[in-house]
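Report on the structure given below.
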Amino acid sequence: MSEVSLEETAPGRLQIRGDLTFATAAAVWKTSRRLLAKADREITVDLSGVRRADSAGLALLVEWLRLAKKRKLHLTLANLPAQLQAMARAYDLENLLPIRHG
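Numbering (this note's numbering), first residue to last: 320 to 421.
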């Protein structure tokens with residue numbers, strides 16, 4: 320079974336660890352909606368702890384962007400793993416997603 324955790328590590332900063340896949344995306348979405356609802360103006364999601372991802376994980380990132388825009392939040396995706404970067408490039412989403420490298 321795939322394991323994943325999403326937690327607030329500091330005000331405006333979330334950390335995801337584990338597999339961001341079809342098996343985990345719904346649970347992460349549920350937790351992230353609650354955490355994003357608490358956000359003030361800016362939110363950074365650190366993805367350096369993601370071990371594995373698939374298209375459901377990429378879809379979740381797009382949903383976070385949609386929700387952030389709706390709530391007028393500035394969302395940054397930090398440390399996007401190479402696997403998610405490659406998928407974003409393949410689906411021509413690199414310029415849409417607010418990715419910060421490093």
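All C-beta atoms in this analysis are idealised placements derived from N, C-alpha and C, irrespective of residue type, glycine included.
{"Check": "Buried/exposed call for LEU415, threshold 16 Cβ in 10 Å", "Outcome": "exposed"}
{"Check": "ASP411 versus LEU396: straight-line alpha-carbon distance, rounded", "Outcome": "16 Å"}
{"Check": "Cβ pair ARG385, THR363 closer than 8 Å", "Outcome": "no"}
{"Check": "Element boundaries [beta strand (DSSP E), containing GLU361]", "Outcome": "361-372"}
{"Check": "MET320 classed as buried or exposed, judged by whether at least 16 other C-beta atoms fall within 10 angstroms", "Outcome": "Any reading at MET320 is ruled out, since the residue's pLDDT is 49, under 50, leaving its predicted position unreliable."}
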